[in-house]
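A.B. asks: Sending over a structure as structure tokens; questions will come in a sec.
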Amino acid sequence: MRSTLQNTLTQYLVMPIIVLLFSVGLAGAVERLLFDQSELLMTFPITLTVVSPLLALGLFCQLMRWHAVPVLLGLIALVGASSVLLNFPFVIQDHWLSLPRLIGGIFLLGVSGTFLFGFTRIGHLCAIATACIAFLGFAITQAWLIGLIRLEEPETFANPIAQSIGSIVALLICLVLIAQRYIEVRPKLRLRSGFILGSLCLLIGLVIWTLLTFSDVESERTRAKEESTGLAYTVNYRLNAQSELLHQVVQRLQHVDSHDLVYDHLDQDIAIQVANSQLLAGVVIFDSEMEIILDKGDAKKVVQRYYAKLEDWLNNQNFDDDKIVLYDNLVSDTPFIFMRHSVDSEPLQNALMVVLIRIPGLVATESWQPTFAHYWRVTPDILFSLDPREHGQTFPIDSILANSPPAIEQAFTTANGGTFTLLSVFSSNQSLHTKAQYNQLILFVTFAFLGILAIGQHRTVQLHWLARHDDVTGVFRRHAIQQHVERLRDDGVSMTVVFINLDGFQPINDSMGVQSGDHLLKKTAERLQATVERPGAVGRYGGDEFIVVYVGTTDDDGEKLAITLKSAIRQPFLIAQTEIHLTASVGVTYLNAGEDGDPLAQAEFAMRRAKQLGGNICCRYTFDMHERYVYQAWLRNKLQLAIDNQQLVVYYQPIIATATERCIAVEALVRWQHKGRFISPDEFIPIAEKTGQIIPLGELVLTQVLRDLAHNIDLKALSVSVNVSSQQLQRYQFPELLAKLLSDTKVSAEAITLELTEGVLVDQSNQNLQALQKLQEMHCTIAIDDFGTGFSSLSYLSQIPAQVIKLDRSFIVNMEHDPERLELVRTIISMCHALGRIVVAEGVETQEQVTILRSLNVDRMQGFYFARPMPLKELLNYLRQPIAMKTD
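Dropping the structure here:
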């Protein structure tokens with residue numbers, strides 16, 4: 009499950025955000041190359057243009073575990089933090105910043121720690137702290153943008169566009185820093201659909217935001233130019249109007265006939281103009297000797313005050329402009345434009361008219377747009393404010409540009425060929441502030457869509473993962489590991505497949521509980537995964553069985569790899585404060601590239617062989633294992649058909665009383681004849697016990713025996729032994745079934761002897777004890793079959809509720825040539841007699857064995873020496889024969 013989360017975070021969050029950060033830097037660089045960055049405002053501030061790709065590079069290298077690059081970038085971030093916080097080693101203007109100065113500086117400081125310390129404990133703490141600072145910067149900036157909080161009005165221009173995109177980038181970096189802490193392994197660089205969709209989603213959002221923002225900024229630029237042009241037009245129009253009026257005054261003098269009346273007309277016209285105009289502050293006329301011959305208003309006083317600085321302009325007619333401003337006058341309370349006009353009418357030959365134009369009146373407008381501040385660049389270093397609210401103040405140009413974004417500067421030409429320059433800067437960010445709020449909604453919608461896409465994809469991947477991975481262990485499920493092996497085989501890849509079965513897991517699971525058992529399985533899977541290197545795979549085949557697939561191995565590597573896995577499992581596990589030791593039966597097979605075959609089945613065959621040999625060993629697959637298991641599968645299917653079609657028959661083998669040499673009992677044995685050939689019980693009985701087929705098989709034999717007893721009076725005179733398996737005794741109510749069959753066939757319980765294995769009798773479980781007690785209450789005789797081959801111990805003889813002990817044939821074979829075996833048989837017989845048990849010797853095949861057993865006082869004998877198992881009809885004939893014929 010954790011791997012799916014890591015994959016989703018990498019594909020849908022971390023990598024797309026890193027791509028977006030690179031794109032922000034690229035967009036900022038393109039903007040600076042293609043647009044005039046000296047005009048007004050840039051969409052991507054310089055700090056964001058520089059910092060975003062560096063952060064993206066550092067985050068990517070850190071994700072890929074390339075440690076050298078993040079360390080270098082960490083040092084750069086440390087220098088950047090110092091520059092922001094301390095204005096050292098160079099000054100960073102506020103409109104260059106994407107976040108408030110303090111938050112931005114601390115953020116860079118955290119980034120420095122994150123890159124320098126990497127995935128160490130300190131690096132993790134720095135990353136979490138940096139993520140918190142980034143989110144704090146995002147929250148504060150967004151709250152300011154949408155008007156939830158009001159920050160103290162800064163002395164410098166606050167760029168809402170920069171702070172909008174900067175805060176969103178801070179949020180993205182916050183998410184990346186947190187997500188990276190969950191990505192514990194280096195991801196593979198693959199162009200997967202998640203990465204492509206996530207990147208396209210963010211890039212489309214960024215492109216739309218950029219286009220809208222470019223449009224808004226360009227709109228503001230256009231608006232500033234239009235305002236500036238309008239001001240220039242107003243100023244130019246008013247100056248031209250004043251110049252035209254004065255020109256008309258001079259022209260009127262040419263129509264005056266009397267020289268004496270020239271001064272009167274001139275004096276009257278100028279007085280009227282000064283009195284009626286809000287722009288004219290005064291007029292003064294100089295004769296050819298530069299003596300004042302006429303003045304109106306404040307002109308004479310002002311001209312005389314600044315005459316030293318005006319003298320060159322007055323005397324030199326070659327000046328390019330007929331207008332001039334003086335800095336000393338601009339900083340005064342009454343700033344003027346000095347405008348000159350030649351007068352060449354009798355009697356005023358070569359006279360010069362100087363007019364004072366009030367600057368505040370020249371630029372006065374009925375309504376003032378507060379978005380922009382416009383300045384008249386009166387000198388290269390001095391700006392004269394055209395804002396009426398500032399009452400004609402002058403400012404050094406450096407102070408204006410330092411506190412504002414880049415300005416728009418436009419030069420205008422007057423009607424008479426003169427020029428003047430206007431400079432426009434932002435005086436209010438309210439318009440951009442509002443537009444930034446709306447534009448960033450595009451990015452938020454993009455992020456929301458990406459989030460929905462990532463969540464949906466994660467759920468899909470999670471469901472796909474759950475379908476392919478085991479709930480308990482987290483490794484591949486059976487079908488998934490099968491598909492993996494089939495894919496490798498189809499691709500022609502050589503592989504080694506190891507099949508592991510945990511020895512003795514079931515008792516641990518039963519004694520400690522399912523939860524502890526699951527925990528043990530999970531720990532085992534984790535240990536196998538830690539042992540297996542990529543591109544190997546681990547799967548749970550079912551229960552306590554695991555599959556390990558190694559890719560690209562050789563035939564010689566198989567057993568070494570299997571032994572390595574077996575050794576890993578042998579290490580102790582600590583489960584529920586208990587140390588548990590496990591062993592494993594391991595089967596291994598190798599499939600060469602291009603070969604056909606089923607390596608999973610082959611490995612399972614080898615594991616089953618290891619299990620048969622006692623477990624805790626490794627077995628390599630051989631072809632005879634395959635043949636054997638194919639035969640067993642065939643045998644199982646045919647056995648089921650034989651049971652269903654009642655093709656199994658009952659044979660009887662006589663049991664002889666040693667004293668009389670008469671047949672006093674028989675043992676019922678099942679026989680199976682398939683297509684004219686008898687299949688040995690040693691072949692199909694073990695399979696029946698493993699598959700549960702022994703239950704219907706046992707019922708079939710028991711039913712047939714009781715029917716034979718019911719219909720044959722000769723058979724009723726004998727005790728008939730019937731084998732009962734442990735599964736029959738444990739898996740359902742066997743005593744009740746036997747009672748019903750006895751009742752249906754009208755056969756007495758004393759007529760049958762139930763032969764049970766030692767394991768059933770030694771197992772003192774409640775179910776076994778209750779079943780044995782009920783059988784004894786029914787007066788059934790209980791016999792221990794094959795005594796000495798299982799859990800036998802002479803100490804158990806007094807505890808086992810059995811009346812008959814049947815010595816296994818392994819004690820009888822070669823008894824006459826083995827003194828130690830003979831003495832053991834003698835001891836067992838004596839002990840059984842001392843406990844009141846009847847002893848039956850199985851597997852008697854020679855006269856010598858009969859003589860020895862008679863001397864040991866064995867009670868009964870059974871074997872080929874007396875008779876082989878036979879059908880009922882032959883048994884009845886056998887019983888009618890004389891004793892001498894029976895033993896021939």
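Under the numbering used here, the first residue of the sequence shown carries the number 9, and numbering increases by one thereafter. Positions of the beta carbon are idealized from the N, C-alpha and C atoms, including for glycine.
Who are C671's beta bridge partners in DSSP?
C.D. replies: I664
A.B. asks: Along the chain, which unbroken stretches of the beta strand (DSSP E) at least 3 residues long are found entirely within the region 794 to 838?
C.D. replies: 812 to 815
A.B. asks: Which two residues bound the contiguous beta strand (DSSP E) that contains C626?
C.D. replies: Its beta strand (DSSP E) spans residues C626 to R628.
A.B. asks: Starting from D511, follow its DSSP beta bridges and name the residues at the other end.
C.D. replies: T591
A.B. asks: Run through the region 316 to 350 for me and flag every whole alpha helix (DSSP H) of 4 or more residues, listed as ranges in chain order.
C.D. replies: 335 to 338
A.B. asks: Could you pull the DSSP bridge partners for N731 from this structure?
C.D. replies: E763
A.B. asks: Leaving aside the five residues before and after M893 along the sequence, list all residues of the same chain whose C-beta is less than 8 Å from its C-beta, in chain order.
C.D. replies: Bear in mind that the predicted position of M893 carries a pLDDT of just 46, short of 50, making it too unreliable to give a figure here.
A.B. asks: First and last residue of the beta strand (DSSP E) that includes K304?
C.D. replies: I300 to G305
A.B. asks: In this structure, how does DSSP classify D632 when only helix, strand and coil are distinguished?
C.D. replies: In this structure, D632 counts as helix in the three-state DSSP scheme.
A.B. asks: Taking H682 as the reference, which of Q701, L643 and E697 has the closest Cα?
C.D. replies: L643
A.B. asks: Closest by CA to Y598, which one among A545, D352 and L608?
C.D. replies: Of A545, D352 and L608, the residue nearest in Cα terms is L608.
A.B. asks: Taking DSSP as the reference, what is the three-state secondary structure of F125?
C.D. replies: In this structure, F125 counts as helix in the three-state DSSP scheme.
A.B. asks: Here's a check: name, in chain order, each residue in its chain whose Cβ is nearer than 8 Å to the Cβ of V848, leaving out the five neighbours to either side.
C.D. replies: I663, A791, V812, I813, K814, L815, V866, D867, R868, M869 and Q870
A.B. asks: Please determine, among L220, I555 and S806, the residue with the shortest C-alpha to C-alpha distance to H477.
C.D. replies: I555
A.B. asks: So, with DSSP's three-state summary, where would you put I157?
C.D. replies: Secondary structure at I157: coil, using DSSP grouped into helix, strand and coil.
A.B. asks: Are L510 and D479 touching if we call contact CB-CB under 8 Å?
C.D. replies: no
A.B. asks: If I follow the unbroken alpha helix (DSSP H) through S751, where does it start and stop?
C.D. replies: F742 to T753
A.B. asks: Helix, strand or coil: how does DSSP classify R231 here?
C.D. replies: helix
A.B. asks: Under 8 Å between the Cβ atoms of S236 and Q418?
C.D. replies: Less than 8 Å separates the beta-carbon of S236 from that of Q418.
A.B. asks: Check whether the Cβ atoms of G566 and R628 lie closer than 8 Å to each other.
C.D. replies: Result yes, Cβ atoms of G566 and R628 sit closer than 8 Å.
A.B. asks: Is the Cβ-Cβ distance between L254 and D275 less than 8 Å?
C.D. replies: No, the pair does not count as a contact, with Cβ atoms beyond the cut-off.
A.B. asks: How far does the alpha helix (DSSP H) with N653 in it reach, from first residue to last?
C.D. replies: Per DSSP, N653 belongs to no alpha helix (DSSP H) and is neither H nor E.
A.B. asks: May I ask you to list the residues that DSSP assigns as paired with F403?
C.D. replies: Here F403 is bridged, per DSSP, to L391.
A.B. asks: What's the gap between the Cα of A85 and the Cα of T138?
C.D. replies: 12 Å
A.B. asks: Tell me, which residues are paired with L205 by DSSP?
C.D. replies: Assignment of beta-bridge partners to L205 by DSSP yields no partner.
A.B. asks: Hey, out of L80, F294 and G602, whose CA is closest to D352's CA?
C.D. replies: Nearest Cα to D352 within the set L80, F294 and G602: F294.
A.B. asks: Look up E585 in the DSSP assignment and say whether it is helix, strand or coil.
C.D. replies: It is worth fixing the name first, because residue 585 is Gln in this sequence and not Glu. Q585 falls in the coil class under three-state DSSP.
A.B. asks: Considering only the beta carbon of each residue, do L180 and L41 sit closer than 8 Å?
C.D. replies: no
A.B. asks: Which residues mark the beginning and the end of the beta strand (DSSP E) in which S432 is found?
C.D. replies: T427 to F434
A.B. asks: Determine the extent of the beta strand (DSSP E) in which E850 is found, giving its start and end residues.
C.D. replies: Per DSSP, E850 is one residue of the beta strand (DSSP E) stretching across I846 to E850.
A.B. asks: Whole angstroms are fine: how far does the CA of A475 sit from the CA of S727?
C.D. replies: Distance between the alpha carbons of S727 and A475: 59 Å.
A.B. asks: Taking buried to mean at least 16 other C-beta atoms within 10 Å of its own C-beta, is A614 buried or exposed?
C.D. replies: buried
A.B. asks: What do you get for K574, buried or exposed, if any count of 16 or more other CB atoms within 10 angstroms of its CB means buried?
C.D. replies: K574 is buried by the Cβ-count criterion.
A.B. asks: How would you call D306, buried or exposed, if buried means at least 16 neighbouring beta carbons within 10 angstroms?
C.D. replies: buried
A.B. asks: Is there contact here, the region 644 to 659 with the region 874 to 892, by at least three beta-carbon pairs under 8 Å?
C.D. replies: yes
A.B. asks: When you compare only the Cα positions, how much space is there between F403 and L431?
C.D. replies: 12 Å
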